[in-house]
Amino acid sequence: MTRHMTYRTAAVAAGLERGWIEFRQTMTSVGDVLGWVWPSIIALIVMYALSDSTVPGTSFSLGSQAIPGILGMNVVLVALMGLASALTMERRDGTLLRAKATPNGVLGYLTGKVISQAGMAVAILVLVLIPAAFLFDGLDLYSVSSWLTLVWVLALGLAATLPIGAVLGSLLNGTQSLGFVMLLFTGLVAISGVFYPITALPEWLQWIGQAFPIYWLGLGMRAALLPDVMAGAEIGGSWRHLETTAVLGAWAVIGFAVAPVVLRRMARRESGSKVAR
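Per full-length UniProt numbering, the sequence shown starts with residue 1, numbered consecutively.
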């Protein structure tokens, strides 16, 4: 048992190092960084054009109100879709098969992927937040409570979305499947209150949006970065911290319970002949 735990510890340590190396390589590649940042850049441009519009019933800028939701959207995009895309491609090129051939190699491989994608999600959030702070008024970036809320929401959001990305990456077969998932993601963004208060949508769409992490991650980001008066534009007229913790926590628990099972089954199915085909 002790030797087994030592091997697993070594695999996790190797995964942490691998994840840090992959993160640094990605962040030094302008093309890779732009590939993740451009959706948010477009969203910032659109919201800046709407800066003179206001949230219904308030004098607060609609563009500023949308910034936290855009940050949450980007976290989900990088963490979930990034991990799913990496697993899908590296299953096909033999990377995962090589990891499988070493003791606890899959554990180390997945640890590295989780670390690199989590790091990317945080880095991209910062890269988007910096210009947003200069372009949009009304964001609360100067209080300790705002940053504390941002940290726990971000940590819980990553815990809720990374396992989903791992499951999708284990189940999807190629770029066409990823394209379909991306289409579903775009639809969820539209009904999750990212660009406009979800209370403006029909009630049945509000319930669908609230079933997925992207709405709650966006709500938590708004609670961190917007003044408390803007809670009146949300469902129930509050930031609903308890519900945010419960829903994101539930997704995290389910994800961490299901992902290892799916990943083990996927790894057992990988073979040299399958990669060759």
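Glycine included, every Cβ here is placed at the ideal spot set by N, Cα and C.
Applying the 10 Å Cβ sphere with the 16-neighbour rule, what's the burial state of residue i?
i           : result
ILE70       : buried
THR6        : exposed
residue 295 : Because the chain here runs from 1 to 277, residue 295 falls outside it and cannot be looked at.
PHE134      : exposed
ALA211      : exposed
TRP207      : exposed
TYR142      : exposed
LEU226      : buried
SER145      : exposed
ASN74       : buried
ILE130      : exposed
ARG91       : buried
VAL229      : exposed
ALA86       : buried
GLY15       : buried
GLY57       : exposed
VAL30       : exposed
Have a look at residue i and residue j and give me their C-alpha separation to the nearest angstrom.
i      : j      : result
ALA233 : ALA250 : 25 angstroms
PHE136 : THR54  : 13 angstroms
ALA79  : TRP152 : 16 angstroms
THR9   : LYS100 : 16 angstroms
ASP52  : GLY94  : 52 angstroms
ALA11  : THR102 : 10 angstroms
TRP204 : ILE45  : 30 angstroms
VAL126 : SER40  : 12 angstroms
ARG222 : ARG98  : 43 angstroms
PHE185 : LEU178 : 10 angstroms
TYR109 : ILE42  : 33 angstroms
ARG265 : GLY209 : 31 angstroms
ASN173 : LEU107 : 21 angstroms
MET89  : ALA200 : 39 angstroms
DSSP on residue i, reduced to helix/strand/coil?
i           : result
SER61       : strand
THR54       : strand
ASN74       : helix
TYR142      : coil
GLU17       : helix
ILE191      : coil
THR186      : helix
ALA211      : coil
PHE136      : coil
SER238      : coil
THR28       : coil
THR244      : helix
LEU168      : helix
TYR196      : coil
PRO227      : coil
residue 325 : Only positions 1 to 277 of the chain appear in the structure, and residue 325 is not among them; the question remains open.
PRO202      : coil
Looking only at its chain, what residues have a beta carbon closer than 7 angstroms to the beta carbon of residue i, apart from the 5 residues adjacent to it on each side?
i      : result
LEU168 : ALA84 and VAL181
MET27  : VAL33 and ALA123
GLY237 : ALA231
With a cut-off of 8 angstroms on the beta carbons, I'd call residue i and residue j a contact; round off their distance for me.
i      : j      : result
PRO213 : GLY157 : 6 angstroms
LEU47  : ILE67  : Before going on, a small fix: residue 47 reads as Met here, not Leu. Contact flag correct, Cβ pair sits at about 7 angstroms.
GLY218 : GLY187 : With a Cβ gap of about 15 angstroms, GLY218 and GLY187 do not count as contacting.
GLY19  : THR161 : 16 angstroms between Cβ atoms; not a contact.
GLY72  : MET120 : In fact, because the Cβ distance is near 15 angstroms, the residues do not count as touching under 8 angstroms.
ILE198 : ILE235 : 7 angstroms
LEU150 : ALA246 : That pair is no contact at about 19 angstroms.
SER116 : PHE23  : 5 angstroms
Apart from the five residues just before and just after residue i, which ones in its own chain have a Cβ nearer than 6 angstroms to its Cβ?
i      : result
ALA159 : ALA252
PRO163 : GLY255, PHE256 and ALA259
ARG240 : none
GLN65  : VAL55
Skipping 5 residues on each side, what residues in its chain have a beta carbon closer than 8 angstroms to that of residue i?
i      : result
VAL262 : ALA166, VAL167, SER170 and LEU171
Can you find a heavy atom of the ligand NAD that lies under 6 angstroms from the Cβ of residue i?
i      : result
HIS241 : Because no ligand of any kind appears in the structure shown, any question about the ligand NAD cannot be addressed here.
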